[in-house]
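Below you'll find the structure, written out as structure tokens, and then a few comments.
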Amino acid sequence: MLTVASDVEVLARFGRALADPIRCRILLALREAPAYPADLADALDVSRTRLSNHLACLRDCGLVVTVPDGRRTRYELADERLGHALDDLRNVVVAVEGDRTCAEAAEKGCC
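Okay, so the sequence shown: first residue is 2 according to this note's numbering, each after it adds one.
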């Protein structure tokens, strides 16, 4: 059974992963299919170094795993349910009224 502390930690890691647009794009790409870093870098139009840093963050958050494939390493979502969770989160955000922003949007650059 999960404790409240571990639930909070899991959600915090998930939030950290989603806090960057590049990491979101990586997760959405891996939702479609596993991929190699070089292919992801090309598809997302980011440098391989930058992509590597974001993949390391996603690994540390427990959201992606590496799968050895000969001399190469393929990345995929750690759990197929993560793809469904991403779809659900995206649909919830889309359902929010477009004219609503948080009170601190202008000064913090959020929302």
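Virtual Cβ for every residue (Gly too), placed ideally from N, Cα, C.
None of the values given here were measured: they were computed from a predicted structure.
Judged by beta-carbon spacing, ARG32 lies beyond the 7 Å limit of ALA42, meaning their Cβ atoms are not closer than that value. For ARG32, there is no enclosing beta strand (DSSP E); the enclosing alpha helix (DSSP H) has its first and last residue at 22-33.
For ALA30, same chain residues with a beta-carbon under 8 Å away, outside a window of 5 residues either side, are ALA36, LEU41, ALA44, LEU45 in chain order.
Nearest neighbour of ARG51 by Cα position, chosen from SER7, PRO38, CYS62, turns out to be PRO38. At the C-beta level, ARG24 and HIS55 come within 7 Å of one another.
In its chain, beyond the 5 residues on either side, no residue has a beta carbon closer than 8 Å to the beta carbon of ARG91.
The DSSP-derived three-state label of ASP61 is helix.
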